[in-house]
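Respectively, the protein sequence lines represent chains G and F.
Sequential numbering from 50 applies to the first sequence in the working numbering.
Sequential numbering from 50 applies to the second sequence in the working numbering.
There are 2 protein chains.
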Amino acid sequence: MSLYNACVPQLVKMLGNLDRWLDKAVEHAALKKFDADTLLVARLAPDQFTLARQVMAACDAAKYAGARLAGKEAPVHPDTQTTIPELKERIQAVAAFLGALTPAEFEGAAARVVTLSFAPGMVTSGTEYFNEMALPNFYFHATTAYAILRHNGVDIGKRDFLGSVSLRPA
Amino acid sequence: MSLYNACVPQLVKMLGNLDRWLDKAVEHAALKKFDADTLLVARLAPDQFTLARQVMAACDAAKYAGARLAGKEAPVHPDTQTTIPELKERIQAVAAFLGALTPAEFEGAAARVVTLSFAPGMVTSGTEYFNEMALPNFYFHATTAYAILRHNGVDIGKRDFLGSVSLRPA
Numbered sequence: 050m051s052l053y054n055a056c057v058p059q060l061v062k063m064l065g066n067l068d069r070w071l072d073k074a075v076e077h078a079a080l081k082k083f084d085a086d087t088l089l090v091a092r093l094a095p096d097q098f099t100l101a102r103q104v105m106a107a108c109d110a111a112k113y114a115g116a117r118l119a120g121k122e123a124p125v126h127p128d129t130q131t132t133i134p135e136l137k138e139r140i141q142a143v144a145a146f147l148g149a150l151t152p153a154e155f156e157g158a159a160a161r162v163v164t165l166s167f168a169p170g171m172v173t174s175g176t177e178y179f180n181e182m183a184l185p186n187f188y189f190h191a192t193t194a195y196a197i198l199r200h201n202g203v204d205i206g207k208r209d210f211l212g213s214v215s216l217r218p219a
Numbered sequence: 050m051s052l053y054n055a056c057v058p059q060l061v062k063m064l065g066n067l068d069r070w071l072d073k074a075v076e077h078a079a080l081k082k083f084d085a086d087t088l089l090v091a092r093l094a095p096d097q098f099t100l101a102r103q104v105m106a107a108c109d110a111a112k113y114a115g116a117r118l119a120g121k122e123a124p125v126h127p128d129t130q131t132t133i134p135e136l137k138e139r140i141q142a143v144a145a146f147l148g149a150l151t152p153a154e155f156e157g158a159a160a161r162v163v164t165l166s167f168a169p170g171m172v173t174s175g176t177e178y179f180n181e182m183a184l185p186n187f188y189f190h191a192t193t194a195y196a197i198l199r200h201n202g203v204d205i206g207k208r209d210f211l212g213s214v215s216l217r218p219a
């Protein structure tokens, strides 16, 4: 099992799914005749991130996963997006960054020493960082974004969450 | 990177986290003087699973991940739990099942042919099943359970979601 395969194709696909949930939110808003961007300040608890921040956090989790495992600098994306088109642009920028990473850049990623801004003086390994932080964090924010949309009536379901999966005739 | 490491320790830890969120729900209910089990029918959208079903689905995603990758029969857990103690028992049973799986049983798991009840006549590989279905599904249901609790005022935060992570002095 390669870290590249666990990270890049899956996160690129999930970012594409997230992008499509936002499209469905726009469709829902058009149908109900409200401004879709009002959804961006929705949240499930007063002390939890808004939808906009959930999307930004999902983008960052994916971006840093790829950057840290490939040993590359992550592109900078300030948290300034206030519209769905701006958020979609950010999602697509992160997907493009990840998609340009190569399996060769992931060689040695499992054992790579990873430093984290929230834990100064501490390190972890590429595998531990990916399994215990990057991936749970990504799915946490992606699922919460999805949940905020579901809670607000957007017509998305589990298949929209998972996206296409690899199945072959037996 | 081994599928055993990506699967067993991480899912056992996450099940332990889920178990503790339910403890925090019980504490919250005691403080607010309501019956904690009323939370189990809460949901974020009328056509989404309740909290109880989210917990059951997270348990099943974890259980089948371990069983399919290790090539073992999964223990049967009917969806009959209606109280938090019953759900905690199920979570702990799944954690115990996973915890008893060995790295040796995961040998060849990446290439193992996996069949899925929802896709008759189709197969996938162990790695694809884990990356594209089992793990996203597990995090989907665990995060939604967490979100329902947060939405209902239970005092849990991101650290409760992630649990302990592997960090060492640099």
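Where a beta carbon is used, it is the ideal one built from N, C-alpha and C, also for glycine.
Since we're looking at a predicted model, the values are computed, not measured.
| Item | Value |
| --- | --- |
| Under 9 Å between C-beta atoms, does F/Gln97 make it to chain G? | yes |
| Cβ of G/Ala91 less than 9 Å from any chain F Cβ? | no |
| Put G/Arg117 into one of helix, strand or coil per three-state DSSP. | helix |
| Quick check: the Cα distance between F/Ala123 and F/Leu211, rounded to an integer number of angstroms? | 26 Å |
| Who are the Cβ neighbours of F/Ala194 in its own chain at under 8 Å, not counting the five residues just before and after it? | Leu67, Trp70, Leu100, Gln103, Val104, Ala107 |
| Run down chain F in chain order and give the residues with a C-beta less than 9 Å from the C-beta of G/Phe189. | Tyr188, Ala191, Thr192, Tyr195, Lys207, Phe210, Leu211 |
| Inspect the CB distances between the segment 75-85 of chain F and the segment 178-192 of chain G and report whether three or more fall short of 8 Å. | no |
| So F/Met105 contacts chain B; which residues on that side make the cut at Cβ distance below 8 Å? | Of the chains in the structure shown, none is chain B; the protein chains are G and F. |
| With 9 Å as the threshold, decide whether the Cβ of F/Thr173 is near any Cβ in chain G. | yes |
| By the three-class DSSP mapping on this structure, what secondary structure does G/Pro218 have? | strand |
| Which of the three DSSP states, helix, strand or coil, is assigned to F/Met105? | helix |
| Run the CB neighbour count on F/Lys112, radius 10 Å, all protein chains shown included, and call it buried at 16 or more, exposed below. | buried |
| Could you check the C-alpha separation between F/Gln141 and G/Leu80 for me, to the nearest Å? | 45 Å |
| If you reduce the DSSP assignment to three classes, tell me which class G/Thr87 lands in. | helix |
| Can you tell which of F/Ile205, F/Pro58, F/Asp86, F/His200 has the C-alpha that lies nearest to the C-alpha of F/Thr132? | F/Asp86 |
| Answer yes or no: does any C-beta atom of chain G fall closer than 9 Å to that of F/His200? | yes |
| Quick one: does F/Ser166 have its CB under 9 Å from some CB of chain G? | no |
| Under 9 Å, Cβ to Cβ, is there at least one residue of chain G near F/Arg217? | yes |
| Against chain F, with Cβ distances strictly below 9 Å, would G/Phe83 count as a contact? | no |
| Per DSSP, what are the beta-bridge partners of F/Thr173 in this structure? | F/Val163 |
| For G/Gly157, count neighbouring Cβ atoms within 10 angstroms of its own Cβ and tell me buried if that reaches 16, exposed if not. | exposed |
| How far does the alpha helix (DSSP H) with G/Asp72 in it extend, from its first residue to its last? | 52-81 |
| Just to confirm, is the Cβ distance from F/Val61 to G/Leu216 under 9 Å? | no |
| Rounded to whole angstroms, what is the Cα-Cα separation between F/Ser213 and G/Ala159? | 19 Å |
| Using the three-state DSSP reduction, which class does G/Glu135 fall into: helix, strand or coil? | helix |
| G/Phe83: buried (16+ other C-beta within 10 angstroms of its C-beta) or exposed? | exposed |
| Any beta carbon of chain G sitting closer than 9 Å to that of F/Ala94? | yes |
| Nearest-angstrom Cα distance between F/Gln130 and F/Lys137? | 9 Å |
| So, with DSSP's three-state summary, where would you put F/Leu125? | One point to set straight first is that residue 125 of chain F is Val, not Leu, in the sequence displayed. Note: F/Val125 maps to coil in three-state DSSP. |
| Secondary structure at G/Thr151, three-state DSSP: helix, strand or coil? | coil |
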